[in-house]
Amino acid sequence: MGDQYVGADVHQATTTFTVRDAKGKVTCRSVVRTEEEALLSFVRSLRGQVHLTFEESWWAQWLYELLVGEVAELVVCNARRHVRQREEKRDQIDADELSERLRGGFLKPVYHRSHGTGPLRRLVVTY
874 MGDQYVGADV HQATTTFTVR DAKGKVTCRS VVRTEEEALL SFVRSLRGQV
924 HLTFEESWWA QWLYELLVGE VAELVVCNAR RHVRQREEKR DQIDADELSE
974 RLRGGFLKPV YHRSHGTGPL RRLVVTY
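Under this note's numbering, the residue at position 50 of the sequence shown is numbered 923, and the numbers go up by one with no gaps.
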């Protein structure tokens, strides 16, 4: 299937995804719950080499640890530096722009590494 470039706009309740192919054509748009099972299910449904990006946020470390082993490339970025300023903020527009900037190589990652906090988070949520 080739390379797929995925932009994710993450919020507490939902995450909005845009998927593009190597030519820049949008092949999928989706909104899923910001929950481990739903996010993993969506990412695992993608075929080919998956390149994924999302913005630095409160969710970034958890998402990084959850998804780093599921994709060929994961870029946590400071997209505020890159995304056009506009009066109206819309999740789908942000996901679209992130996927296009990832495909074009215009995003610089901020440092993230796995700290192994996934099991602790699951215990806290379960409690």
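Where is the CB? At the ideal position from N, CA and C, for every residue including glycine. Here the structure is a predicted model, which is why all the values come from computation and not from measurement.
Helix, strand or coil: which one does DSSP assign to residue i?
i, result
"A881", "strand"
"E867", "Limits of the chain in this structure are 874 at one end and 1000 at the other, which puts residue 867 out of reach."
"V948", "strand"
"V899", "strand"
"V916", "helix"
"G977", "coil"
"E970", "helix"
Determine, using beta carbons only, whether residue i and residue j come nearer to each other than 8 angstroms.
i, j, result
"A933", "V916", "no"
"A945", "Q965", "no"
"V899", "T891", "yes"
"L925", "V883", "no"
"E973", "R902", "no"
"A911", "L971", "no"
"Q877", "L936", "no"
"L913", "L947", "no"
"G897", "R976", "yes"
Is it buried or exposed, residue i, if we count other Cβ atoms within 10 angstroms and call 16 or more buried?
i, result
"V983", "exposed"
"R906", "exposed"
"E927", "Going by the sequence as given, residue 927 is Phe instead of Glu. Its Cβ being crowded by 16 or more others within 10 Å, F927 is buried."
"R963", "exposed"
"E886", "At residue 886 the sequence reads Ala, which differs from the Glu that was named. That one is exposed."
The beta strand (DSSP E) with residue i in it runs from where to where?
i, result
"L925", "922-928"
"R893", "887-894"
In the DSSP assignment, find the alpha helix (DSSP H) that holds residue i and state where it starts and stops.
i, result
"W935", "933-940"
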